[in-house]
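The structure appears below as structure tokens.
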Amino acid sequence: MLLVEIGDDIAAFGTAKKLAFWAGVCLGNHESAGKRAAGKKRKGNPYVRRILCEAANAAGRARRACREKFESLLIRRGRKRAVFALAHKISRIVFVLLSRGDYYRDATIDYEVLSVERNAPR
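Per UniProt numbering: the sequence shown ends with 122, consecutive numbering throughout.
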């Protein structure tokens, strides 16, 4: 569904930040007199935002790298903000993967050891 909403021409967005802004998963911020405060969520495509938030909610429980980021944010900021921040990260990952034509590889998993374990005789 995400690919249907975004379209196959990822170059139309230009950067990952523009894709995140279009999707509406950029966290707002307000800075005045050297102090930072949380701002309102940006308006964007509600369908893409919902898809990314559902993916972030699932990835926060399942994937290693995403789960670590999610749990650190969960402690400091709460569940909704953690999901929203992880959705923003996933949107940037999606942009990079679609622009390079690559597939996702988790940095915390050693895929060579994993393939040896899977193919080992029993």
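Every residue, glycine too, gets a C-beta built ideally from N, C-alpha and C.
Roughly how many angstroms lie between the CA atoms of residue i and residue j, to the nearest whole one?
{"i": "L97", "j": "Y104", "result": "7 Å"}
{"i": "E31", "j": "I90", "result": "25 Å"}
{"i": "C26", "j": "L19", "result": "9 Å"}
{"i": "A11", "j": "E112", "result": "33 Å"}
{"i": "F13", "j": "A62", "result": "29 Å"}
{"i": "V116", "j": "L74", "result": "35 Å"}
{"i": "R42", "j": "R49", "result": "10 Å"}
{"i": "N45", "j": "G34", "result": "32 Å"}
{"i": "G78", "j": "A85", "result": "11 Å"}
{"i": "Y47", "j": "G7", "result": "13 Å"}
{"i": "L114", "j": "A120", "result": "10 Å"}
{"i": "R92", "j": "R76", "result": "22 Å"}
{"i": "G101", "j": "T15", "result": "15 Å"}
Using a Cβ-Cβ cutoff of less than 6 Å, which residues in the same chain neighbour residue i once the five nearest sequence positions on both sides are dropped?
{"i": "A55", "result": "I90"}
Tell me which residues share the same chain as residue i and place their Cβ nearer than 8 Å to its Cβ, disregarding the 5 neighbours each side in the sequence.
{"i": "I51", "result": "M1, L2, E5"}
Are the beta-carbon atoms belonging to residue i and residue j less than 9 Å from one another?
{"i": "F95", "j": "A82", "result": "no"}
Uninterrupted alpha helix (DSSP H) stretches inside the UniProt domain "Transposase IS116/IS110/IS902 C-terminal" (2-69) (no shorter than 4 residues): DSSP assignment within the UniProt domain "Transposase IS116/IS110/IS902 C-terminal" (2-69) yields the following whole alpha helix (DSSP H) runs of 4 residues or more, N-terminal first: 2-6, 16-23, 46-62.
Contained alpha helix (DSSP H) runs [length at least 4] in the segment 74-106, N- to C-terminal order: The alpha helix (DSSP H) runs lying completely inside the segment 74-106 and spanning 4 residues or more are 79-100, given in chain order.
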